[in-house]
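Q: Per the numbering used here, the sequence shown runs over residues 2 to 133.
Here you go, one structure.
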Amino acid sequence: MHNALIFPMAAHVALAALLYVLLTVARAPAVWGIGRRVDGGNPWADVEPRISANLSNQFEWPLFFHAACLALLPFPPGPMTLALAWLFVAGRVLHSTVQILTRNVRLRGIVFTLNFLAVLGLWVEAVGTWSR
């Protein structure tokens, strides 16, 4: 049985994998000496903590996204379910971009709210589906 919810779930896993790669690159000058500045400094020193924090964020609220999707996998997803799942993924990508490239906490909070509401919507869908 094919369920299209697997694709937004896989997209979020791909985002986390990308963040691991970015974190490895950002830490390479300090850990392996690869890419150090002439003065020996790490050119990624300012952004490395933000990548690390964002990667940690991928294992907090997104846990509830994956749990809701798993609860919905046995059922064919409706357009609203798929829209909420992809909204979550788009929001996570945007959240990562804002957190890593800026220090704009207010914007990050607004983007997080989109993720938060998308996951709540998925849980409403899951509870409604299992209640039938």
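All C-beta atoms in this analysis are idealised placements derived from N, C-alpha and C, irrespective of residue type, glycine included.
#1: Is DSSP giving V39 helix, strand or coil here?
#2: Between A27, L74, G41, which has its C-alpha nearest I144's C-alpha?
#3: Quick one: measure Cβ to Cβ for E12 and V120, integer angstroms, because I've assumed they're closer than 8 Å.
#4: Could you check which residue in G42, L83, N55, G41 has the C-alpha nearest to that of V106?
#5: If you run the structure through DSSP and keep just helix, strand and coil, what is G34?
#6: Relative to the C-alpha of L88, which residue among N116, E126, T25, A29 is closest?
#7: Using 8 Å as the threshold, is the segment 41-52 in touch with the segment 97-113, meaning 3 or more CB pairs across them?
#8: Output the distance between the C-alpha atoms of A72 and A127, rounded to the nearest integer angstrom.
#9: Answer yes if the segment 3-21 comes into contact with the segment 62-77, meaning at least three C-beta pairs across the two stretches below 8 Å, and no otherwise.
#10: Kindly indicate which three-state DSSP category H96 falls into: helix, strand or coil?
#11: Among the candidates L24, L19, W131, whose CA atom is the shortest distance from the CA of F76?
A: Considering the structure as presented:
#1: Position 38 of the sequence shown, counted from the first residue, corresponds to residue 39. In the structure shown, V39 sits in coil (DSSP, three-state: anything other than H, G, I, E or B).
#2: Residue 144 is absent from the model: the chain starts at 2 and stops at 133.
#3: Residue 12 sits at position 11 when you count from the first residue of the sequence shown. Residue 120 sits at position 119 when you count from the first residue of the sequence shown. What sits at residue 12 in the sequence shown is Ala, not Glu. Not confirmed; about 15 Å, so no contact.
#4: The count along the sequence shown starts at 1 and reaches residue 106 at position 105. Ranking G42, L83, N55, G41 by Cα distance to V106 puts N55 first.
#5: As a working note, residue 34 is residue 33 in the sequence shown. Coil, per DSSP.
#6: Sequence index remark: in the sequence shown, residue 88 carries index 87 (1-based). If we check each option's Cα against that of L88, N116 comes out closest.
#7: yes
#8: Reading the sequence shown from its first residue, position 71 is the one you call residue 72. Reading the sequence shown from its first residue, position 126 is the one you call residue 127. The straight-line gap from Cα to Cα measures roughly 6 Å.
#9: yes
#10: Taking the sequence shown and counting its residues from 1, the one referred to as residue 96 is at position 95. The answer is helix: DSSP assigns H96 an H, G or I state.
#11: Within the sequence shown, the letter at position 75 stands for residue 76. The shortest Cα separation from F76 among L24, L19, W131 belongs to W131.
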